[in-house]
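Below: one structure, written as structure tokens.
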Amino acid sequence: MRNKNLSEKRRSSLFPWGKGLILFFGLLLFFQCSLRAPTTPTWYTEVTIPLVKKNYDMVALIEKIDEPSLETDSLGNLFFHIEENLDTIRLWGKLVCDSVTKDFKDTLGTIDITSFESKQVIFSVTDFYSGEPGIVPPISASIEADLDTFTSFDQVTLQEGHATLIAFNHLGLNLDWLKLDIIDRGSSEILETLIIPGGIRDNDSIIQKLTFVDKTFSNRFAIQVSAHTPGGFLSSLEDKYFSLDFSIDSLMVTQGMAKIPSFDLTTDEEIILPSDHIIDSAKVRTGSLFLDLYNFSNVTAEITIDFPEVKKNGEILKANCVIPAEGHCNLGLSLDGYSLKPLSGISIEVQIRMQVKDSGDQLVFFSSSDSVTASAFLSEIAFSQISGKLEPTVVDIDEIRRDLNLPPGFEHAHIKSASLNLDIHNGVDFPGSLSATVEGDKGQRLELSGEIEPGTPWATAVTSIQEDNLDPLLDPIPEKLTVTGQVICGDGVYSGTANEEDFFFGEIKIASPLELILDSCQVEIEQDTHSINDDVKSLIEDQINSSQVIFKIESHLPLEARASVFVSKNEENIFSHPDLVIGPVYVPKGKLDQNGVVTESKFSEDTISLNYEELQIFRVSPFYVAGVLNFPGTGGSAVKALATDFIRINSYLELEVKNKKD
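Going by this note's numbering, the first residue of the sequence shown is number 978, and it counts up by one from there.
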């Protein structure tokens, strides 16, 4: 009984649960659902990718606007500015020396004939004593005999001559007095008389040196002997004689017929340069030397003319010519590429050497006045370089015309408080002076002058000529400028080096504080490089919920603008063909006062959404970001830009992505 009740009790306690379970499964079947495991919830997060973050002050903007007539000073204040370069003025063709002619003459002068010819005459004892052998009484005798003819000359006029006479006494008798006369058979003139008061003892000899001055004689001589003997004893008359040896040692001949020996004549001359330059050294670009040589003599002459101060590759300039008797020779020498280093600074040294060949066995008539002449014509020399003291050299400034690129609205403007600065860059190592005239197209005219400091081509000296009174030139502002004038280079005192490629050039700068008038223009925002990691790339691929680019801009500029951002996978054409252009967005101008000066910044924020296709560029690694600021211009109205003006741009990509974990 108890069991039954217990069994019934259990059935009654389980029934309610069983009824609920049946109902739950029934509902599941009704709604066609099945049981699943529990799942993780889904949420969203933001990912930020920076694009552009730039800050441009007024100096940077003016540089980027690239308006040639606008400039900022060291404080960033805006100036109206005109800068024009003057054409380069070179010394080409200015380093010259005029042509000059110089005549030279070299005479033969005296010719030294060294003949070494010796002639002998022998007198027998019987010419002195006509008796028999034995005792010889004191006697006197006078004997004359001809010498053999000399062959080295015929008839000559001497400046000076030297001869030697040797007398040998083999008479067997002493001679206690002796006189010798040297006679020219051609003229019968006694050329020289020698008296030996003590005579010559037997078996003895004497040597006498003879000098002839200003004499003319032939080649035929005779000697007259006058002698006295005190007597003596002769055992035999055989082998008893008196002999004379007469030799001509040298003849300094001024005129005559003779065998001409070879000889050299050297003379130093100079060609004075027709220039006031004092030249330490110079390099010749072009130049020529012409020589006309004439031989006014009966001998063949080889002429060598050296210019020791003119060299090329270490070799001196020289000319050489063999001129026959009474002949003529023309020579032309190029001086191109030669270096000149005159010791005197004003002339070129010339060394002339005349070599005369001997005439052999032929007798030739000559005179000391016979000559070889040279006429040297030095053409105009153009130097490529001169070192030394440069005489004042005028270099004309060819007329220079320049169009001024004025900003719109400036054609009829009147500028006050303007200044002109003319910077002369001197690449010449000599001082100079400038005189120039600047003329405008509306009759304006301004005269400028100043001294120029020396410089070098690699370190030009800059001389600034300042002019603050520009009303004659800038009232009104010219649209064209014409510059004429001249530069005088060198002063004849300063020492330096000038090359014909050396130069002067100038820069004219006109500046005035000015309000800003701008035409439409564009400023590029510099390119940056970005990349994102693979996780963010995956998010962009399949977990993007939304994406947008945020522009936050602070403008402290006196004019409006439009800003755009470029994105590209190729840095070379990001500005010309970007893959993605974001914007443009409006950039307001700052708050202006009544004078057009910005007093406060204005802030702007813009949002631009991107779609899935546009986002794909950011999956490229790296990708490149740049942009532009477009200024529509001021429409001819003036605004004032100050150093304190600026613009700040902050742009970034904001992604909302699903963050889900299965």
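Backbone N, C-alpha and C fix where the C-beta goes; we use that ideal spot for every residue, glycine too.
Nothing here was measured: the structure is a model prediction, and the numbers come from that model.
From what residue to what residue does the alpha helix (DSSP H) around residue i run?
i: Leu1450; result: Asp1448 to Leu1451
i: Asp1512; result: Asp1511 to Asp1519
Could you work out which residue in the options is closest to residue i when comparing CA atoms only?
i: Cys1466; options: Gly1404, Val1513 and Gly1163; result: Gly1404
i: Gly1567; options: Glu1537, Ala1296 and Tyr1589; result: Glu1537
i: Ile1374; options: Gly1309, His1533, Glu1215 and Trp1069; result: Trp1069
i: Glu1484; options: Lys1041, Asp1064, Pro1561 and Asn1151; result: Asp1064
i: Gln1421; options: Pro1609, Leu1451 and Gln1097; result: Leu1451
i: Phe1528; options: Asp1418, Ser1508 and Ile1626; result: Ile1626
i: Ala1199; options: Arg1178, Ile1167, Asp1191 and Ile1225; result: Ile1167
i: Ala1353; options: Ser1346, Phe1267, Leu1367 and Asp1347; result: Phe1267
i: Arg1539; options: Ile1530, Pro1561 and Val1526; result: Pro1561
i: Asp1269; options: Cys1298, Ile1255 and Ile1454; result: Cys1298
i: Ser1324; options: Tyr1033, Leu1028, Leu1038 and Val1077; result: Val1077
i: Glu1292; options: Ile1090, Tyr1315 and Ile1282; result: Tyr1315
i: Glu1215; options: Phe1580, Ile1280 and Tyr1106; result: Tyr1106
i: Asn1196; options: Ile1585, Asp1123, Phe1273 and Lys1156; result: Asp1123
i: Asn1446; options: Leu1425, Arg1378, Thr1459 and Ser1129; result: Leu1425
i: Asp1519; options: Arg1596, Ile1059 and Thr1621; result: Arg1596
i: Asp1257; options: Glu1286, Gly1233, Pro1251 and Ile1248; result: Glu1286
i: Asp1253; options: Thr1370, Leu1171 and Phe1145; result: Thr1370
i: Gln1185; options: Gly1573, Val1564 and Thr1170; result: Thr1170
What would DSSP say about residue i, mapped onto helix, strand or coil?
i: Glu1537; result: coil
i: Ala1436; result: strand
i: Arg1625; result: strand
i: Thr1350; result: strand
i: Arg1596; result: helix
i: Val935; result: In this structure the chain extends from 978 to 1639, so residue 935 is not present and cannot be described.
i: Val1405; result: coil
i: Ala1395; result: coil
i: Lys1041; result: helix
i: Val1036; result: helix
i: Glu1631; result: strand
i: Glu1590; result: helix
i: Gln1504; result: strand
i: Tyr1315; result: coil
i: Asn1547; result: coil
i: Arg987; result: With a pLDDT of 35 at Arg987, under the threshold of 50, the modelled position of this residue cannot be trusted; read the value that follows with caution. Of the three classes helix, strand and coil, the one that applies to Arg987 here is helix, per DSSP.
i: Glu1169; result: strand
i: Lys1071; result: coil
i: Leu1187; result: strand
i: Gly1420; result: coil
i: Ile1442; result: strand
i: Leu1320; result: coil
i: Gln1339; result: coil
i: Gln1571; result: coil
i: Glu1430; result: coil
i: Ala1620; result: coil
i: Thr1644; result: Given a span of 978 to 1639 for the chain in the structure shown, any question on residue 1644 remains unanswerable.
i: His1058; result: strand
i: Gly1467; result: coil
i: Ile1112; result: strand
i: Glu1478; result: coil
i: Leu1458; result: strand
Return the first residue and the last residue of the beta strand (DSSP E) that residue i is part of.
i: Asp1373; result: Thr1370 to Asp1380
i: Asp1158; result: Trp1154 to Asp1161
i: Ser1311; result: His1305 to Ser1311
i: Pro1561; result: Leu1557 to Val1564
i: Asp1064; result: No beta strand (DSSP E) holds Asp1064; DSSP gives it neither H nor E.
i: Ser1578; result: Premise fails: Ser1578 is in no beta strand (DSSP E) and is neither H nor E.
i: Asn1087; result: Note on identity: in this sequence residue 1087 is Thr, with Asn being the wrong assignment. First-last for Thr1087: undefined, no H or E at that position.
i: Ala1296; result: Glu1292 to Ile1300
i: Ser1203; result: Phe1198 to Thr1206
i: Gly1209; result: Gly1209 to Leu1211
Could you give the C-beta distance for residue i and residue j, rounded to a whole number, given that I count them as a contact under 8 Å?
i: Lys1217; j: Leu1340; result: Actually they are not in contact, since the Cβ atoms of Lys1217 and Leu1340 sit about 40 Å apart, beyond 8 Å.
i: Leu1606; j: Val1500; result: 4 Å
i: Val1276; j: Val1230; result: In fact, because the Cβ distance is near 13 Å, the residues do not count as touching under 8 Å.
i: Phe1127; j: Lys1096; result: 7 Å
i: Val1513; j: Val1024; result: 6 Å
i: Val1202; j: Phe1081; result: Between Phe1081 and Val1202 the Cβ distance is about 52 Å, and since that is not below 8 Å, they are no contact.
i: Gly1138; j: Leu1221; result: Wrong, their Cβ atoms sit about 18 Å apart, outside the cutoff.
i: Gln1232; j: Ser1345; result: 6 Å
i: Pro1408; j: Asp1468; result: 6 Å
Practice task
At 3 residues or longer, and completely inside the stretch 1119-1152: list those beta strand (DSSP E) runs for me, N to C.
Solution key: 1130-1147
Problem - Segments assigned beta strand (DSSP E), at least 3 residues, entirely inside the stretch 1216-1282 - result: 1218-1236, 1240-1249, 1255-1263 and 1265-1273
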